[in-house]
Amino acid sequence: MKRYILRRLGLVVPTLVLVSVIVFGMMRLMPGDVVTRMVEGQAYAPTIEALRKELGLDRPAYQQYLEWIGGIVLRGDFGTSYWTRQPILDEFVQRFPVTLELAALTILVSVVLGVLVGVVSAVRQDSLSDYLGRVFAILALSVPYFGLAVLVVVLPSIYFKWTPVWTYVPFSVDPLENLKILLVPATVFGVTRAGPIMRITRSALLDVLRQDYIRTAWSKGLPERVIVLRHALKNALIPVVSLIGLQIPLYIGGSVIIEAIFRLPGVGLFFFEALTRLDYPVVQSVNLIFAAMVVGLNLAIDLTYAFLDPRIRY
Amino acid sequence: MATVAPLSAPSLAVDAATLPRTRPWYTDVWIRMLRKPLGVLGGVIVVTMLLGAIFAGVLTPYGFSQTSLRERFIAASAEHWLGTDQLGRDLLTRVLYGARISLYVGFGAIALASLLATAVGILSAYWGGRVDLFLQRMVDAWMAFPPLLILMSIMSLLGPSVLNITLVLGIAAGIRESRIVRSVALSIKENTYIEGTRALGSGHARITLVHILPNVMPTIIVTATTGLSTVILTEASLSFLGLGVPPPYPTWGGMLSLSGLDHMYRAPWLAIWPAVALSLAVFGFNMLGDALRDLLDPRLKGR
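In order, the protein sequences belong to chains Y and S. The first sequence begins at 1 in our numbering and counts up by one. The second sequence begins at 1001 in our numbering and counts up by one.
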């Protein structure tokens, strides 16, 4: 166990270093000079040379890299946004709760919907409700969430004179109003993500329901509700949890589009606006922070498994 | 000493009716394919899309960027079956040409991805040791990035173009898929026939190309088919944000686009039809891929 944890931790360090090298290299090696576009597109500095100097691009690459990484590791300094002239980390921290809340609600919607339909489908295998459930899963997989989001924004406003609320209210100011604002985007995104969860719940539950201990539970005369919900579902949910863990990067990526459509002031919108304003220091740092988060999350998931199931060895 | 019992002459007359009929494998796949109605439906959608894309120029009398300011925001009519957009361009024409771009980017990216995944996956698995460790840490690092974020960043730096998005999506998908190819190649490498062929004096090139590659092929075909829907969807997301295929080329993502949202309040069909086309395409490729996986994956055979 101890050896596993050490080995797993040992893998994280080179991954994080490579992540930072990829982000750093991406901004410098791409053809088409970033600095020229930043000056010509947004006039972030009077001349190209001035901005190059300000960004430290006049020094050798390894020196720039060490300075950048050193600032992050030693001082928690992720650089400044060129658009707002504010520290990037401050803006990230301030906006992160919105993205986190959106992600949490999205996952909640997709899990409730996916598990519910998955359980019904598995318990009533090959019935009409199973068939409908599977069709729902396929449809949810096929409809692009941004397409659905656009339709949800546009169609009700034409036919029912209903529009989503565009002014965001923080949770701390008015929790109910805040939930009302986030509910529509979270539902749209969550429904399209429920497909894979439904499919994996169904197949895992079908597997579990054929096991011996379930037969024992039946022969004890337990009611179906207890067997399915208390005995079988618990074990069937393990792959569902790992699927959600694997899909965290997709939720983060999707939040960019969802926040851009519904004008939610989260990190996704921050990132998207930075891209359109050629504010590349922000782009670089947000990529790095999210990738580091994913690495940390994967580590946590793996360690949790090792803790829960002592058979897991690397 | 045991005496060998005299063998009776084996009867050579085999009753032909009791022999299992032998069919070539593709006939077998074809017959089993027909038992998968959703897979067939997926195939029909994909073929229809292919035909629409190929014959787009013949099917409609309009050009995809042919504007007509007198015919802006026209609802569905005899001249314009799906209506027109804010510049008076025929929507049906643009949806058809959109299929062409989607397939062009999709097939191009997947071809590149398959090549890359095969090369990296087999190399990593076959060589093992430090090469494998290094390559896999690179893949780890790449997979840590939320895909849409890093792709948006790269496309913004490179600038939107059909060639750029095909290359970027192809390389990104290739890195991801190399993991799958590697895991399959790893298990094939351990087979005794690989050891046997090495004992017979086969070199690295012969072992990887003649013995490992053909056995990885079914996995590559399945990953490529299911990967197509992901690539098409990602291209659409990037074009939706204005970072994929640049105008005036019509793409479904670009037609739904964020910047065109205002026009859609006036003409909801501008949002509906591209979304329907995109969903149908993804549905088609998903179903076809699912069916192909059931048919080609040796681990699922007989289920």
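Ideal Cβ positions, reconstructed from N, Cα and C, are used throughout, including at glycine. Quick caveat: nothing in here was measured; it's all calculated off a predicted structure.
- Message: I'd like the list of long-range same chain contacts for ARG1303 of chain S, defined as Cβ closer than 6 Å, with 5 residues on each side in sequence excluded.
- Response: Reading the second sequence from its first residue, position 303 is the one you call residue 1303 of chain S. Note that ARG1303 of chain S has pLDDT 38, beneath the 50 cutoff, so the model's placement of it is unreliable and no number is given.
- If you run the structure through DSSP and keep just helix, strand and coil, what is THR1067 of chain S? Numbered from its first residue, the second sequence carries residue 1067 of chain S at position 67. Of the three classes helix, strand and coil, the one that applies to THR1067 of chain S here is coil, per DSSP.
- Just the Cα atoms here: how many angstroms apart are GLY118 of chain Y and MET1049 of chain S? Numbered from 1 along the first sequence, position 118 holds the residue referred to as residue 118 of chain Y. Numbered from 1 along the second sequence, position 49 holds the residue referred to as residue 1049 of chain S. For GLY118 of chain Y and MET1049 of chain S, the distance between alpha carbons rounds to 31 Å.
- Task: Say whether chain Y places a C-beta atom closer than 8 Å to the C-beta of ARG1303 of chain S.
- Result: The residue you call residue 1303 of chain S lines up with position 303 of the second sequence. Its pLDDT being 38, under 50, ARG1303 of chain S is placed unreliably by the model, and nothing is read from it.
- Return the chain-ordered list of same chain residues with a C-beta closer than 7 Å to the C-beta of THR192 of chain Y, the five sequence neighbours on each side being excluded. One-based indexing of the first sequence puts residue 192 of chain Y at position 192. Excluding positions up to five away in sequence, the list reads ALA140, VAL143, TYR145, LEU148.
- Task: Give the secondary structure of ASP317 of chain Y by DSSP, where H, G and I count as helix, E and B as strand, and everything else as coil.
- Result: What the structure shows of chain Y is the stretch from 1 to 314, and residue 317 of chain Y is not part of that stretch, so it cannot be assessed.
- Item | Reduced DSSP category for THR1223 of chain S - H, G, I as helix; E, B as strand; rest coil | Counting from one through the second sequence, the residue named residue 1223 of chain S turns up at place 223. THR1223 of chain S: helix per DSSP, three-state reduction.
- Message: For the segment 1151-1178 of chain S, list every residue whose C-beta sits within 7 Å of some C-beta in chain Y, in sequence order.
- Response: Listed by position along the chain: MET1152, SER1153, ILE1154, SER1156, LEU1157, LEU1158, GLY1159.
- Item | Chain-order list of residues whose beta-carbon lies under 8 Å from that of ALA260 of chain Y (same chain, five-residue window excluded) | Within the first sequence, the letter at position 260 stands for residue 260 of chain Y. Around ALA260 of chain Y: GLY268, LEU269, PHE272.
- Query: Can you give the Cα-Cα distance for VAL295 of chain Y and LYS220 of chain Y, rounded to whole angstroms?
  - Reply: Here the question's residue 295 of chain Y lines up with position 295 in the first sequence. Here the question's residue 220 of chain Y lines up with position 220 in the first sequence. The straight-line gap from Cα to Cα measures roughly 45 Å.
- Name, please, each residue of chain Y whose Cβ falls closer than 7 Å to the Cβ of ARG1137 of chain S. Residue mapping note: residue 1137 of chain S aligns to position 137 of the second sequence, counting from 1. Chain Y residues near ARG1137 of chain S: PRO14, THR15, LEU18.
- Task: Could you work out which residues of chain Y lie near GLY1264 of chain S, taking near to mean beta carbons separated by less than 8 Å?
- Result: In the second sequence, counting from the first residue as 1, residue 1264 of chain S sits at position 264. As written in the sequence, residue 1264 of chain S is Met, which differs from the Gly given in the question. Chain Y residues near MET1264 of chain S: VAL150, VAL154.
- State whether the segment 1093-1101 of chain S contacts the segment 1273-1285 of chain S, with contact taken as three or more CB pairs (one from each stretch) at a distance under 8 Å. At 8 Å Cβ cutoff, the stretches touch.
- Task: Rank S:ASP1132, S:TRP1142, S:LEU1163, S:VAL1139 by C-alpha distance to the C-alpha of LEU1112 of chain S and give the top, closest one.
- Result: Along the second sequence, one-based indexing puts residue 1112 of chain S at 112. Taking each of S:ASP1132, S:TRP1142, S:LEU1163, S:VAL1139 in turn and checking the Cα distance to LEU1112 of chain S, the smallest one comes out for S:LEU1163.
- Item | Other residues of its chain near THR1208 of chain S: CB distance less than 6 Å, five sequence neighbours each side excluded | Counting from 1 along the second sequence, the entry for residue 1208 of chain S is found at position 208. Taken in chain order, the residues that qualify are ILE1122, TYR1126.
- Task: Look up TYR314 of chain Y in the DSSP assignment and say whether it is helix, strand or coil.
- Result: For the purposes of this step, residue 314 of chain Y is identified with residue 314 of the first sequence, where counting begins at 1. Below a pLDDT of 50, predicted positions are generally treated as unreliable, and TYR314 of chain Y, at 48, falls in that range; the measurement from the model is reported next regardless. Assigned with DSSP and collapsed to three states, TYR314 of chain Y falls in coil, not helix or strand.
- Inspect the beta-carbon positions of VAL1168 of chain S and LEU1158 of chain S and report whether they are closer than 8 Å. Stepping through the second sequence from its first residue, residue 1168 of chain S is reached at position 168. Stepping through the second sequence from its first residue, residue 1158 of chain S is reached at position 158. Cβ atoms of VAL1168 of chain S and LEU1158 of chain S: closer than 8 Å.
- Query: In whole angstroms, what is the alpha-carbon distance linking LEU297 of chain Y and ASN235 of chain Y?
  - Reply: Numbered from 1 along the first sequence, position 297 holds the residue referred to as residue 297 of chain Y. Numbered from 1 along the first sequence, position 235 holds the residue referred to as residue 235 of chain Y. Computed Cα separation, rounded: 22 Å.
- Item | Nearest residue (CA-CA) to MET1217 of chain S, options S:ALA1205, S:ILE1188, S:THR1192 | As a first step, residue 1217 of chain S must be located in the second sequence, where it is residue number 217. Residue S:ILE1188 is the option with its Cα nearest to MET1217 of chain S.
- Query: Are ARG1108 of chain S and GLU1177 of chain S closer than 8 Å when you measure CB to CB?
  - Reply: As a working mapping, residue 1108 of chain S is identified with position 108 in the second sequence. As a working mapping, residue 1177 of chain S is identified with position 177 in the second sequence. Inspection of the sequence shows that residue 1108 of chain S is occupied by Gly rather than by Arg. With contacts defined by Cβ atoms closer than 8 Å, GLY1108 of chain S and GLU1177 of chain S do not form a contacting pair.
- Item | Endpoints, the alpha helix (DSSP H) within which ALA114 of chain Y is located | If you number the first sequence from 1, residue 114 of chain Y lands on position 114. The sequence given here places Gly at residue 114 of chain Y; Ala does not occur at that position. Unbroken alpha helix (DSSP H) run through GLY114 of chain Y: 88-123.
- Query: Mind checking HIS231 of chain Y: buried by the 16 CB within 10 Å criterion, or exposed?
  - Reply: Here residue 231 of chain Y is taken as the residue at index 231 of the first sequence, counted from 1. In this structure HIS231 of chain Y is buried. Its beta-carbon is surrounded by 16 or more other beta-carbon atoms within 10 angstroms.
- Using 10 angstroms around the beta-carbon of VAL283 of chain Y, count the other beta-carbons present and answer buried if the total reaches 16, otherwise exposed. Locating residue 283 of chain Y in the first sequence gives position 283, counting from the first residue. Counting the other Cβ atoms within 10 Å of the Cβ of VAL283 of chain Y gives 16 or more, which makes it buried.
- Message: Please report whether the beta-carbon of ALA1144 of chain S lies at a distance below 8 Å from any beta-carbon of chain Y.
- Response: Within the second sequence, the letter at position 144 stands for residue 1144 of chain S. Interface with chain Y (8 Å Cβ-Cβ cutoff): ALA1144 of chain S is included.
- Task: Pick helix, strand or coil for THR1084 of chain S, following the three-state DSSP scheme.
- Result: Taking the first residue of the second sequence as position 1, residue 1084 of chain S is located at position 84. THR1084 of chain S: strand per DSSP, three-state reduction.
- Query: When burial is assigned at 16 or more other CB atoms within 10 Å of the CB, is PRO196 of chain Y buried or exposed?
  - Reply: As a working mapping, residue 196 of chain Y is identified with position 196 in the first sequence. Label assigned to PRO196 of chain Y: buried.
- Contacts of SER142 of chain Y in chain S (Cβ-Cβ under 7 Å): Taking the first residue of the first sequence as 1, we reach residue 142 of chain Y at position 142. Residues of chain S with a Cβ closer than 7 Å to the Cβ of SER142 of chain Y are, in chain order, SER1279, VAL1282, PHE1283, ASN1286.
- Item | Range covered by the alpha helix (DSSP H) that runs through LEU308 of chain Y | Counting from one through the first sequence, the residue named residue 308 of chain Y turns up at place 308. Run containing LEU308 of chain Y: 280-308, per the alpha helix (DSSP H) assignment.
- State the start and end residues of the unbroken alpha helix (DSSP H) segment that holds GLN211 of chain Y. Mapped onto the first sequence, residue 211 of chain Y falls at position 211. Looking at the DSSP string, GLN211 of chain Y is not in any alpha helix (DSSP H), and its letter there is neither H nor E.
- Query: What separation, rounded to the nearest whole angstrom, lies between the Cα atoms of LYS2 of chain Y and ARG215 of chain Y?
  - Reply: Working through the first sequence from its first residue, we reach residue 2 of chain Y at position 2. Working through the first sequence from its first residue, we reach residue 215 of chain Y at position 215. Cα to Cα, LYS2 of chain Y sits roughly 37 Å from ARG215 of chain Y.
- Alpha carbon to alpha carbon, what distance is there between TYR1193 of chain S and MET1001 of chain S? As a first step, residue 1001 of chain S is located in the second sequence; it is residue number 1 there, counting from the start. As a first step, residue 1193 of chain S is located in the second sequence; it is residue number 193 there, counting from the start. For MET1001 of chain S, the predicted structure reports a pLDDT of 45, less than 50, and the residue's modelled location is therefore unreliable. The matter cannot be settled from this model.
- Can you find a CB in chain S that lies within less than 8 Å of the CB of ILE261 of chain Y? For this step, residue 261 of chain Y is matched to residue 261 along the first sequence. Closer than 8 Å: yes.
- Mind checking if ILE1272 of chain S is an interface residue toward chain Y, Cβ cutoff 8 Å exclusive? Working through the second sequence from its first residue, we reach residue 1272 of chain S at position 272. Residue-level contact check: ILE1272 of chain S touches chain Y, since one or more beta carbons of chain Y fall below 8 Å from its beta carbon.
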